[in-house]
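Some notes on the structure that comes next.
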Ligand code: 5GP
Ligand code: MN
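Residue numbers (this note's numbering): 86 to 424.
This is how it looks when you write it as structure tokens:
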């Protein structure tokens with residue numbers, strides 16, 4: 086991870102001197118890093134005496150509902166007027182864990198209009214220029230890992246407590262798939278070791294996040310692995326598609342398909358995995374890859390998306406049949422990269 090420069094830290098500290106209202110934002114379909122970022126920064130600035138609001142485009146997934154403060158995050162889909170008001174009051178806005186304003190799914194109009202100082206902190210490749218300060222580092226595991234360093238530089242480690250450390254740990258743990266990817270930097274483990282020093286309950290956090298599924302979710306997973314997974318050995322690729330009917334059959338709730346896209350990667354030789362989920366007017370797609378195959382470039386080029394090298398997503402405003410046809414038809418041109 087690149088260290089955050091003294092100059093940037095000083096600009097933030099200067100701005101904090103004439104700030105009273107802070108607004109903290111993260112992306113649509115928030116994951117553990119998004120929610121961990123929002124909650125840790127909210128508590129950090131509240132402890133420093135600021136009035137803090139936090140907003141997300143849509144609700145946090147069920148496996149993060151246990152996190153302290155999650156109920157206080159404003160949800161754009163539920164309370165747009167209140168969020169618009171918070172934008173109008175904010176002196177300082179933090180955009181955390183996304184690289185493109187469209188990931189605010191409707192709130193970006195207020196973001197762009199706002200006269201507040203805007204600070205983006207993120208680890209996705211090629212961030213768009215939509216903030217006054219952009220702190221971007223693709224090499225780091227997670228936004229939460231960056232925030233830990235930022236908090237220490239801006240205020241000092243003594244303000245960090247168990248609640249902040251827990252939220253930061255959730256972001257690092259989930260964005261590295263429990264330290265199975267994006268986690269080869271020794272510094273990550275030093276930071277995690279320091280976070281453990283705040284007496285966070287690592288085993289319990291793991292269990293709250295990963296052993297938190299409903300029986301419906303487990304049965305849906307069983308069904309899709311057995312009936313809906315296709316393996317294409319010549320391209321070392323596997324994918325799963327799920328229709329709205331199927332989701333309904335298993336009483337789908339938000340977050341139930343989280344992680345499904347990773348399963349095909351456990352098959353020997355599979356290096357590229359995709360998950361297609363049918364929505365009323367589009368198909369939402371997740372991509373995962375192993376090694377050097379750039380899931381993000383593939384998604385950007387063909388599926389209106391982006392993301393990280395090994396974890397990306399996108400969407401196509403058409404039906405499932407067309408989407409799968411397109412996906413299959415693209416594989417031959419990537420045959421060499423998928424070897
Ligand atoms: P997931 O598959 O977990 O939904 O998303 C994995 C990663 O892909 C996210 O962290 C995000 O960076 C990226 N991503 C997912 N969906 C989209 C999308 O529609 N557009 C863009 N630009 N990135 C996405
Ligand atoms: Mn992240």
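Even for Gly, the Cβ is constructed at its ideal location relative to N, Cα and C. All of these numbers come straight from a predicted model, not from anything done at the bench.
Decide if the stretch 135-142 is in contact with the stretch 152-160; the criterion is three or more beta carbon pairs, one per stretch, under 8 Å apart.
yes
Below 7 Å from a heavy atom of ligand 3 - residues by beta-carbon
This structure simply doesn't include ligand 3; it includes ligand 1 and ligand 2 instead.
Per DSSP, what kind of secondary structure is residue 362 in: helix, strand or coil?
Numbered from its first residue, the chain shown carries residue 362 at position 277. Residue state, collapsed to three classes: strand.
For residue 272, list the residues DSSP reports as bridge partners.
Residue numbering aside, residue 272 sits at position 187 when the chain shown is read from its first letter. Its beta-bridge partners do not exist; DSSP assigns none.
Using the rule of at least 16 other Cβ atoms within 10 Å of the residue's Cβ for burial, across every protein chain shown, is residue 278 buried or exposed?
Against the chain shown, residue 278 aligns to sequence position 193. So residue 278 ends up on the exposed side.
Starting from residue 396, trace the beta strand (DSSP E) in both directions and tell me its first and last residue.
Locating residue 396 in the chain shown gives position 311, counting from the first residue. From DSSP, the beta strand (DSSP E) with residue 396 extends over 396-401.
Given residue 321, which residues of its chain have a CB within under 6 Å of its CB, disregarding the five upstream and five downstream residues?
As a position in the chain shown, residue 321 is number 236, starting the count at 1. The residues are 354, 355, 356 and 423.
Apart from the five residues just before and just after residue 247, which ones in its own chain have a Cβ nearer than 8 Å to its Cβ?
As a position in the chain shown, residue 247 is number 162, starting the count at 1. So the qualifying residues of the chain are 283, 284 and 285.
Which value, in whole angstroms, describes the spacing of the CA atoms of residue 406 and residue 205?
Here residue 406 refers to the residue found at position 321 of the chain shown. Here residue 205 refers to the residue found at position 120 of the chain shown. If you take the alpha carbons of residue 406 and residue 205, they lie about 38 Å apart.
Residue 147: beta carbon under 7 Å from a heavy atom of ligand 1?
The residue labelled residue 147 in the question sits at position 62 within the chain shown. Because no heavy atom of ligand 1 lies under 7 Å away, the Cβ of residue 147 does not count as near it: no.
Could you tell me which of 256, 146, 365 and 302 sits nearest to residue 121, measuring between CA atoms?
On the chain shown, position 36 is the one that residue 121 refers to. Ranking the options by Cα distance to residue 121, first place goes to 256.
Residue 329, buried or exposed, once every other Cβ within 10 Å from all chains shown has been counted against 16:
The sequence position of residue 329 within the chain shown is 244, counting from 1. In summary, residue 329 is exposed, with fewer than 16 beta-carbon neighbours lying within 10 Å of its beta-carbon over all protein chains present.
Compute the distance between the beta-carbons of residue 280 and residue 125, then report whether it is under 8 Å.
If you number the chain shown from 1, residue 280 lands on position 195. If you number the chain shown from 1, residue 125 lands on position 40. The answer is no: Cβ separation not under 8 Å.
I need the straight-line Cα distance from residue 341 to residue 95, nearest angstrom please.
Position 256 of the chain shown holds residue 341. Position 10 of the chain shown holds residue 95. Between residue 341 and residue 95, the C-alpha separation is close to 42 Å.
Which word fits residue 202, buried or exposed, when buried means at least 16 other C-beta atoms lie within 10 angstroms of its C-beta?
To locate residue 202, count along the chain shown from 1; it is residue 117. Taking all protein chains in view, the Cβ of residue 202 is crowded by 16 or more other Cβ atoms within 10 Å, so the residue is classified as buried.
With H, G and I counted as helix, E and B as strand and the rest as coil, what does DSSP make of residue 73?
Outside the modelled stretch of the chain, which goes from 86 to 424, sits residue 73, for which no answer is possible.
Answer with buried or exposed for residue 195, where buried requires no fewer than 16 other C-beta atoms within 10 angstroms of its C-beta.
Position 110 of the chain shown, counting from 1, holds the residue named residue 195. Under this definition residue 195 is a buried residue.
Is residue 321 helix, strand or coil by DSSP?
Taking the first residue of the chain shown as 1, we reach residue 321 at position 236. It is coil, neither helix nor strand.
Rounded to the nearest angstrom, how far is the Cβ of residue 63 from that of residue 290, given a contact under 8 Å?
This structure gives no information on residue 63, because the portion of the chain shown stretches from 86 to 424.
Judging by CA-CA distance, which residue of 86, 303, 417 and 294 is the nearest neighbour of residue 221?
Within the chain shown, numbered from 1, the residue matching residue 221 stands at position 136. If we check each option's Cα against that of residue 221, 86 comes out closest.
Just to confirm before moving on: does the CB-CB distance between residue 358 and residue 368 stay below 8 Å?
Locating residue 358 in the chain shown gives position 273, where the first residue counts as 1. Locating residue 368 in the chain shown gives position 283, where the first residue counts as 1. No. Outside cutoff.
Between the Cα of residue 214 and those of 239, 187, 236 and 264, spot the shortest distance and give me the residue it belongs to.
In the chain shown, residue 214 corresponds to position 129, counting from 1. Of 239, 187, 236 and 264, the residue nearest in Cα terms is 187.
Please return the same chain residues whose Cβ sits closer than 6 Å to the Cβ of residue 226, not counting the five positions on each side in sequence.
As a position in the chain shown, residue 226 is number 141, starting the count at 1. Result list for residue 226: 257, 260, 261, 267, 268 and 273, in chain order.
Can you say whether residue 304 is buried or exposed, counting buried as having 16 or more other CB atoms within 10 angstroms of its CB?
Looking up residue 304 in the chain shown gives position 219. Exposed, since its Cβ has fewer than 16 Cβ neighbours within 10 Å.
Anyone know if the C-beta pair for residue 234 and residue 88 falls short of 8 Å?
Indexing the chain shown from 1 puts residue 234 at position 149. Indexing the chain shown from 1 puts residue 88 at position 3. Cβ distance < 8 Å, so residue 234 and residue 88 count as in contact.
Measuring only the C-alpha atoms, how far is residue 364 from residue 400?
Indexing the chain shown from 1 puts residue 364 at position 279. Indexing the chain shown from 1 puts residue 400 at position 315. About 10 Å.
For residue 221, does the three-state DSSP call read helix, strand or coil?
On the chain shown, position 136 is the one that residue 221 refers to. Strand, per DSSP.
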